[in-house]
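In our numbering, the protein residues as written are 2 to 173.
Down below is the structure, laid out as structure tokens.
As structure tokens, this is what we get:
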């Protein structure tokens, strides 16, 4: 029996999502961004109020991944008008896929990605796409290993700076 479980987020778990989201974002990006910008971004984008709005959008879904009953990461999928960019028709966006640093290297991200692929197929989408910061080689390598290909770039505004993300896609 696997010690890894993934479940769809419930409204009662939004505070937990806020905590995991803030921590994983900080672990991933604090090394390359000013502290004040990080604090402002996290305070807004990972607040319970903001995540409640995102959770209530009918075209978005959140999933939590657990290892040995301990929550350690999450996935956010968007379709239709919930997508952060209108690059592709008939696609499912992986807006966020994060695993706490202490739990990385245990294939949890791969399990979340497999769920995203399954969801994309169930929804009849032709591809998955995501944006990944061009200065995050670990994430880029992970997605390339899973079959994603770079197909362009798009802007990601962070703390008054325009940061560039690679757009990566996976045909389903």
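Note that the Cβ used here is the ideal one computed from N, Cα and C, for glycine as well.
From a predicted model like this one, the values you see are computed outputs, not experimental measurements.
Asked	Found
Determine the DSSP secondary structure at residue 32, reduced to helix, strand or coil.	helix
Please go through the same chain and pick out, in chain order, the residues whose beta-carbon is closer than 7 Å to the beta-carbon of residue 175, but skip the five residues on each side of it.	There is simply no residue 175 to check, as the chain begins at 2 and stops at 173 in what is shown.
In this structure, does DSSP put residue 92 in helix, strand or coil?	strand
Mind reading off the beta-carbon distance from residue 56 to residue 65? Whole number of angstroms is fine, and I expect it under 8 Å.	Not a contact, Cβ separation roughly 12 Å.
Excluding the 5 residues preceding and the 5 following residue 147 in the sequence, name in chain order all residues of the same chain whose CB lies nearer than 8 Å to its CB.	111, 114, 171
When you compare each of 23, 3, 137, 14 to residue 101 by their alpha carbons, which one comes out closest?	23
Give the range of the alpha helix (DSSP H) segment to which residue 74 is assigned.	Per DSSP, residue 74 belongs to no alpha helix (DSSP H); it is in the beta strand (DSSP E), 71-80.
Under the three-state reduction of DSSP, which class applies to residue 2: helix, strand or coil?	Since pLDDT at residue 2 reaches only 49, below the 50 mark, its modelled position is unreliable, and the value read off the structure follows with that caveat. Three-state DSSP puts residue 2 in coil, outside helix and strand.
What are the start and end residues of each continuous beta strand (DSSP E) run of 3 or more residues lying completely inside the stretch 87-147, in chain order?	92-100, 128-134
So is residue 68 buried or exposed if we call it buried at 16+ other beta carbons inside 10 Å?	buried
Can you give the Cα-Cα distance for residue 17 and residue 143, rounded to whole angstroms?	26 Å
To which residues of the same chain is residue 97 closer than 6 Å at the C-beta, ignoring the five residues directly before and after it?	77
Taking buried to mean at least 16 other C-beta atoms within 10 Å of its own C-beta, is residue 4 buried or exposed?	exposed
Does the separation of the CB atoms of residue 1 and residue 94 fall below 8 Å?	No information on residue 1 is available, as it lies outside the stretch 2 to 173 that the chain covers here.
What is the DSSP secondary structure of residue 153, counted as helix, strand or coil?	strand
If the criterion is Cβ atoms closer than 8 Å, does the pair residue 136 and residue 33 meet it?	yes
When DSSP labels each residue in this structure, what does residue 24 get in the three-state scheme?	helix
Less than 6 Å between C-beta atoms, sequence neighbours within five positions excluded: which residues of the same chain meet that for residue 9?	64
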